[in-house]
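Reminder that position 23 of the sequence shown reads as 115 in this note's numbering, one-by-one numbering, no gaps.
Below is one structure; the comments refer to it alone.
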Amino acid sequence: MNTIKACIFDLDGVIVDTAVYHYKAWKRLANSLGFDFTEHQNEQLKGVSRVRSLQLILGWGGVTKTEAEQEQLATQKNTWYMEMVNQMKPEEILPGAKEFLKTCRTVGLKTALGSASKNSMTILEKIGITDMFDAVIDGNKVSKAKPDPEVFLAGAQALGVQPEECVVFEDAIAGVEAALAGDMKVVGIGSPDVLKGANLVIKGLDEMTLDKLYKL
Ligand code: BG6
Ligand code: MG
């Protein structure tokens with residue numbers, strides 16, 4: 093007998109490929125400060141809050157900034173990031189995401205968004221899927237960043253289900269760890285080499301089925 097009652101989805105890299113926009117905006121910021129970072133280093137930024145991402149990047153460049161300067165830099169990055177987000181169209185939803193959300197809702201599974209992004213609502217509106225979630229927990233609603241499970245636990249609570257009745261979909265290692273720390277099952281979206289510990293790893297939501305979900 094399966095006990096899964098809800099699916100909680102990360103946003104960036106799971107529903108939409110905004111991970112690329114984050115990377116481009118951070119890279120532009122680092123370059124403006126006179127250094128660069130690799131795609132491998134970028135993996136460590138996935139799922140991580142804006143402030144923490146900036147601190148990691150400054151560390152890689154060996155650059156020290158005051159708190160006020162850091163705030164300014166984070167705002168600059170977000171402006172560049174939002175320039176790209178504002179161009180987004182519904183076609184940018186990743187393959188299978190909308191279909192799987194619909195499937196979940198058709199069979200009575202609850203759905204929530206669990207994202208670190210403070211821009212989540214804008215992105216959901218841009219791609220036109222706000223009404224496909226029973227609850228949206230984003231970076232404005234939580235104070236502890238992934239790998240802390242706060243965002244997913246808040247999602248379960250908002251849906252009125254127990255953590256062990258939830259399956260999380262995540263593309264970031266920090267997110268996989270957060271789900272496991274919250275006592276939830278987790279489906280990794282990406283590579284098994286990176287997403288260690290996930291109960292199942294698939295390349296995208298187009299590979300996900302109810303059969304796979306109930307076998308977790
Ligand atoms: C996460 C992304 O979803 O949101 C991170 O994976 C990002 O890369 C974080 O830093 C915060 O996003 P935002 O939109 O609030 O800067
Ligand atoms: Mg993500």
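For each residue, glycine too, the CB sits at the ideal point set by N, CA and C.
- For the stretch 172–244, which segments carrying the beta strand (DSSP E) assignment without a break, of at least 3 residues, lie completely within its bounds, in sequence order? DSSP runs (the beta strand (DSSP E)) wholly in the stretch 172–244: 202–206 and 227–229.
- Message: Could you give the first and the last residue of the continuous beta strand (DSSP E) run that contains V143?
- Response: Counted from its first residue, the sequence shown places residue 143 at position 51. No beta strand (DSSP E) contains V143, which is instead part of the alpha helix (DSSP H) from R142 to G153.
- Check V108 in the structure and name its three-state DSSP category. Within the sequence shown, numbered from 1, the residue matching residue 108 stands at position 16. DSSP places V108 in strand when its eight states are reduced to three.
- Where E256 and M224 are concerned, what is the direct C-alpha to C-alpha distance, given to the nearest angstrom? Taking the sequence shown and counting its residues from 1, the one referred to as residue 256 is at position 164. Taking the sequence shown and counting its residues from 1, the one referred to as residue 224 is at position 132. Whole-angstrom Cα-Cα distance: 22 Å.
- Query: Any chance the CB of G151 is under 6 Å from a heavy atom of the ligand MG?
  - Reply: Taking the sequence shown and counting its residues from 1, one reaches residue 151 at position 59. Incorrect: G151 has no Cβ contact closer than 6 Å to the ligand MG.
- Three-state secondary structure (DSSP) of I100: Taking the sequence shown and counting its residues from 1, the one referred to as residue 100 is at position 8. Reduced to three states, the DSSP call for I100 is strand.
- Message: Under DSSP, the beta strand (DSSP E) around G280 begins and ends at which residues?
- Response: Looking up residue 280 in the sequence shown gives position 188. Unbroken beta strand (DSSP E) run through G280: K277 to I281.
- Message: Buried or exposed, going by whether 16 or more other CB atoms sit within 10 Å of the CB of G282?
- Response: As a working mapping, residue 282 is identified with position 190 in the sequence shown. G282 is buried by the Cβ-count criterion.
- Classify L292 as helix, strand or coil using the three-state DSSP reduction. Position 200 of the sequence shown, counting from 1, holds the residue named residue 292. It is a strand residue.
- Query: Does the ligand MG have a heavy atom nearer than 6 Å to the CB of D109?
  - Reply: Counting from 1 along the sequence shown, the entry for residue 109 is found at position 17. For D109, the Cβ stays outside the 6 Å cut-off from all heavy atoms of the ligand MG.
- Item | DSSP three-state assignment for V259, whether helix, strand or coil | Indexing the sequence shown from 1 puts residue 259 at position 167. Here V259 sits in strand by DSSP.
- Query: Could you give the distance in angstroms between the alpha-carbon of E175 and the alpha-carbon of T95?
  - Reply: Walking along the sequence shown from the start, residue 175 turns up at place 83. Walking along the sequence shown from the start, residue 95 turns up at place 3. Near 42 Å, if we compare the C-alpha coordinates of T95 and E175.
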